[in-house]
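Quick note, the sequences are listed as chains A and B, same order. Just so you know, this note's numbering puts 64 at position 64 of the first sequence, and the rest follows in order with no gaps. Just so you know, this note's numbering puts 336 at position 336 of the second sequence, and the rest follows in order with no gaps.
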Amino acid sequence: MKNKTTVAFILCIAGSLLAGIYGPWWGPAVFIMMLCALMGLTVKQSILAGSISLGLVYLGMALWMGRQDKAEIIEKTGMLLGGMSPVMMIVVTTLIGYITGLLSGWLGSVIGGVVSKK
Amino acid sequence: MKQLLIPALLFSGWMALLNTDLPVKGNFLPALGRFISPFQGVWQSVTPNETSFDFVGQTKGNVKILFDERDVPHIYADNLEDALYAQGYLHAANRLFSMDVSTRSAAGRLSELIGQRTIAIDRKQRERGFEWSAIQKAKSWENFEGNKAIIDAYVNGVNAYAKSLDYRDWPLEYKILSHAPVEWTSVTTALAQTNMAIALCLGEDDLEYSTAQAKLSQEDYVFLFPDHNPKERPIIPKDRLWDFAVTKAKTDGDQIGTPPNKKQTEDNRNKDLNGSNNWAVSGKKTANGFPLLANDPHLQLALPNIWYEMEIHTPEMSVHGVSIPGLPFIVIGFNEKIAWGSTNSGQDVLDWYQITWQDSSRLRYKLDEKFVDATLRIEEIKVRGAKVIIDTIRYTHWGPVTHTDEHKDMAMKWIGHQKATTNDIDYLKKINKAGDVVAYRDAVSSFQYPAQNKIFASVQGDIAISVAGVMPIRPAGHGESLTSGESTAHDWLGYIPFEHAPFIINPSRGYVSSANQAPADTSYPYPLLGKRIFEDYRGRMVNMLLDTSEHFTPSAMQALQQNNYNLHAADLLPVLLQALDSAGCLSGEGVAIASILSKWNYEYHRDSLSPVFFDLWYKEFENLTWDELDNLGVMRPEEWRMVEIAKDHPQSKYFDQLLTMAKKETFSDIACISFANMLKAYHNLEGDQGKNWGNYKQSAIPHLARFPHFGADFIHTSGGRHIINAMSKTHGPSWRMIVELSSPPKAWVNYPGGQSGNPASPHFRDMLEHYFDGKYYEVAIRNDPAAWTPSRQINISPK
């Protein structure tokens, strides 16, 4: 049980990274949804794996890109978008990743359940 | 299946929300899904995409683009079309958003991008028919041989870059506005030129003069608004003889003195927003015997800079200089034989005609004793997030009706709307390739608008200046004020023939120069309108300084471009201080400040405090003096005239205050009162503004789309109006160039900004500090691509 969640979590991270790099912005969400459906995870497992993995991927990428931001683009853009600080931009990014992963995992798990019942 | 409903709904709703631009307080929050995605959106815009790469393009042969240490590209192509394809590609890669916004602004299509906030701007541009004239211009280009291939190559280059972008690579501004780059066409290229024309040749005072004539006595009008500044030093020296006959223009006095309403005057351009200078000095006046040419065109400054520096090599030409993103070729620069530059001429090429409608339907108007149909053009203004706005513009014999009022509509006749008689693309092509003064004159003969002072110097030792561009000839007495649109007899009679336009080569004084002043004195046979637009101090200052030396060097030219001496202040301040002294109206702090001013050298240096005192004092002095005119709604006289009145007419009735009926004030009284007011105004300055001139002036270079923090919010600068270094708050020298016409030529250049249009790039503003410290980069044409090591390289190969 625990191993399955861990595997799902690792696959979610790896898959959403690849889907993010090579696919459209919604690529990681679709990947997590399909993975959770195919692996036959429970709702709880899927939500956990999906939300934390995509949240972490978004957080990690934001931190990575933020380190390269020599021209303070994130700070300037944040100020333009209602006065958000760079930290708040990272928080918002992570939160969006987290919620997207959560909903993707949840829906994937339910789809998987429906399909396996049939 | 029921258990699917809630997660499916939540997931779909969430994704839809992330995929939608949300309106917030008149703006739009970009769809956060892609915008905040660290794989796609703003996070991917934090690194510059300036690398070396190869691609297959629509070229006939191979093209190499080598970038130097400032990221200036050097294009090496086998033919002109390939070079221009590469130029279009580079313009798009570095200025795509600027090109889009500036041409949308000219066309009246900003609301498609921004939303309701820009509807008023779009409406005004549509009323004026700028897009319509650009469409006509693009069509006319095709009538000239060779133009189509040039424009097509350039347009293809722009689109090759734009089409290569996916969302991840969009310029940041597009991501923020959540709008994809659009396809570039020959019409948008024409709009890029129209945009310059809008910035440079809409100056006129027809309605202001009409009001002044209607509300002032003839005696007062002549007193306040004389035709010529007796001290002016026109571009063409006064000893030039005009040895051609001019057909006398018809005289027709049917001018209208109807005062315009407020709305009609709102478009009046700010006359302080000029400052361009150029001069060329013959080898006789330089230390090493080579001619020197200098040019610093002043424009509204923005980041990224309006210009893009580059070098183009083809078998026919090797040319270095600045280009205007959106247009092919180098606009100001030098090649191996010549150097050329421009300042705006500021001539009045826009007239207003009052339209008499048959009835309130405004469908037919009176022309030559009968009523004729207006042509209706439907303008559809698309607005982001709102309904389309439909506007009907009425076109008359004169042009579009742009100001409407009860029975007082006015039509605009503008040079930019007239059918092209010359070929401005041809001008660019010829001037880039020109090798001597004959080729330069041939190129200039093709220039259409805006009217400009085209300066020239060559390695053969020639220097010259031409007032270039199409300049209308009006019936005598017309063009300076509102004219009746009821008769075609009031129409323009034609254009000044090129061979009659002001021009001089190798004058005996050893230099040619211009600084937006009057092109010629009263002996010039054709009337040149624009007296209130022509500058009165900088031109005199440039010439005074050029008269002083016979051994100019490039570094002396650099110092001259950054000269901060204010001749206007030098003319007026001693008179004002003398008035204070005579009146004995000073005490306490006033004595100390007057003493500081009396020792001032009239330099507008950024660390100096005296210019702050003088500027505040002058504003108060002007306001008190012209209270009668302000009360009548009449424009103020030019500043040189004010100095003359202060010096020669200290008892003038204009110094009397409207509000003090019991007393009749004189010049001395106004000097004292305005000085006291200045002291109060100085103490009311906020923050550090009263510390020095740079702090007071608060210069800034905003981002092109006015995104806060993306520009340079405050720059401590010297200079100001009436000064050679005419750096004002956001208007100033947009490119500084000095060329020594040795063989091969050498140049020293700089501009406020950087080569990249990407705010994340180190080249977005890397030249800024250097620029405001008054430093230049030395450049020379690099003919051999193998002889130097580029910082990066792009190779284009044919399909």
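Glycine residues also receive a C-beta, built at the ideal position from the N, C-alpha and C atoms. Owing to the predicted nature of the structure, the values given are computational and were not obtained by experimental measurement.
So what does DSSP say about residue i, is it helix, strand or coil?
i                      : result
residue 264 of chain B : Because the pLDDT of residue 264 of chain B is 39, which lies under 50, any placement of that residue in the model is unreliable, and the number read from its coordinates should be weighed accordingly. If DSSP states are grouped into helix, strand and coil, residue 264 of chain B belongs with the helices.
residue 218 of chain B : helix
residue 458 of chain B : strand
residue 377 of chain B : strand
residue 614 of chain B : helix
residue 777 of chain B : strand
residue 562 of chain B : coil
residue 174 of chain B : helix
residue 87 of chain B  : helix
residue 636 of chain B : coil
residue 9 of chain B   : helix
residue 64 of chain A  : helix
residue 106 of chain A : helix
residue 528 of chain B : coil
residue 300 of chain B : strand
residue 788 of chain B : coil
residue 236 of chain B : coil
residue 250 of chain B : With a pLDDT of 42 at residue 250 of chain B, under the threshold of 50, the modelled position of that residue is not reliable, and the figure given next carries that caveat. Looking at residue 250 of chain B - three-state DSSP - the assignment turns out to be coil, as it is neither helix nor strand.
residue 15 of chain B  : helix
residue 357 of chain B : strand
residue 36 of chain B  : coil
residue 389 of chain B : strand
residue 101 of chain A : helix
residue 329 of chain B : coil
Hey, quick one: how far does the alpha helix (DSSP H) through residue i stretch, first residue to last?
i                      : result
residue 709 of chain B : Looking at the DSSP string, residue 709 of chain B is not in any alpha helix (DSSP H), and its letter there is neither H nor E.
residue 667 of chain B : 667-683
residue 193 of chain B : 186-200
residue 793 of chain B : Here residue 793 of chain B belongs to no alpha helix (DSSP H); instead the beta strand (DSSP E) covers 792-798.
residue 488 of chain B : Looking at the DSSP string, residue 488 of chain B is not in any alpha helix (DSSP H), and its letter there is neither H nor E.
residue 441 of chain B : 437-444
residue 151 of chain B : 147-163
residue 503 of chain B : Here residue 503 of chain B belongs to no alpha helix (DSSP H); instead the beta strand (DSSP E) covers 503-505.
residue 33 of chain A  : 27-39
How would you write the range of the beta strand (DSSP E) that residue i sits in, first residue to last?
i                      : result
residue 63 of chain B  : 63-67
residue 117 of chain B : Unbroken run through residue 117 of chain B: none, as it is neither H nor E.
residue 630 of chain B : Element bounds for residue 630 of chain B: not the beta strand (DSSP E) but the alpha helix (DSSP H), 627-632.
residue 310 of chain B : 308-314
residue 52 of chain B  : Run containing residue 52 of chain B: none; DSSP gives neither H nor E here.
residue 323 of chain B : 317-323
residue 732 of chain B : 731-733
residue 700 of chain B : 699-701
residue 76 of chain B  : 73-77
residue 692 of chain B : Segment: none, residue 692 of chain B is in no beta strand (DSSP E) and carries neither H nor E.
Per DSSP, what are the beta-bridge partners of residue i in this structure?
i                      : result
residue 412 of chain B : B:352
residue 644 of chain B : Bridge partners of residue 644 of chain B: none, in fact.
residue 279 of chain B : B:294 and B:513
residue 494 of chain B : B:473
residue 749 of chain B : B:737 and B:777
residue 395 of chain B : B:375 and B:400
residue 453 of chain B : B:343 and B:467
residue 27 of chain B  : B:24
residue 286 of chain B : B:552
residue 364 of chain B : B:373
residue 334 of chain B : B:320 and B:339
residue 603 of chain B : B:565
residue 57 of chain B  : B:798
### Task
Could you list the residues in the segment 41-52 of chain B with a C-beta less than 9 Å from some C-beta on chain A, going in chain order?
Residues passing the 9 Å Cβ filter: 41, 42, 43, 44, 45, 46, 47 and 48.
### Against chain A: residues of the segment 732-743 of chain B by CB proximity under 8 Å
Those residues of the segment 732-743 of chain B that come within reach of chain A (Cβ to Cβ, closer than 8 Å) do not exist; the list is empty.
### Message
Under 7 Å, CB to CB, which of the residues in the segment 27-41 of chain B have a partner in chain A?
### Response
So the close ones are 29, 32, 33, 34, 36, 37, 38, 39 and 40.
### Query
Between the segment 73-97 of chain A and chain B, which residues of the former have a C-beta closer than 7 Å to a C-beta of the latter?
Under the 7 Å Cβ criterion, the segment 73-97 of chain A contributes 73, 74, 76, 77, 79, 80, 81, 92, 93 and 96.
### Query
Going along the chain, which residues of the segment 556-575 of chain B sit with their C-beta nearer than 9 Å to a C-beta in chain A?
The residues in question: there are none.
#### Entry: Residues of the segment 28-43 of chain A with Cβ closer than 9 Å to any Cβ of chain B, in chain order
Correct list: 28, 29, 33 and 43.
#### Entry: Cβ-based contacts, 8 Å cut-off: residues of the segment 759-774 of chain B near chain A
The residues in question are 759, 760, 761, 762 and 764.
### Query
At a Cβ cut of 8 Å, what residues of the segment 709-728 of chain B count as close to chain A, listed as they run along the chain?
Of all residues in the segment 709-728 of chain B, only 709 and 710 place a beta-carbon less than 8 Å from a beta-carbon of chain A.
### Task
Closer than 8 Å, Cβ to Cβ, to anything on chain A: give me those residues from the segment 173-186 of chain B, in chain order.
Cβ contacts with chain A: 176.
### Query
Can you list, in chain order, the residues of the segment 586-611 of chain B whose Cβ is nearer than 8 Å to any Cβ on chain A?
Against chain A - using a Cβ distance shorter than 8 Å - the segment 586-611 of chain B contributes no residues.
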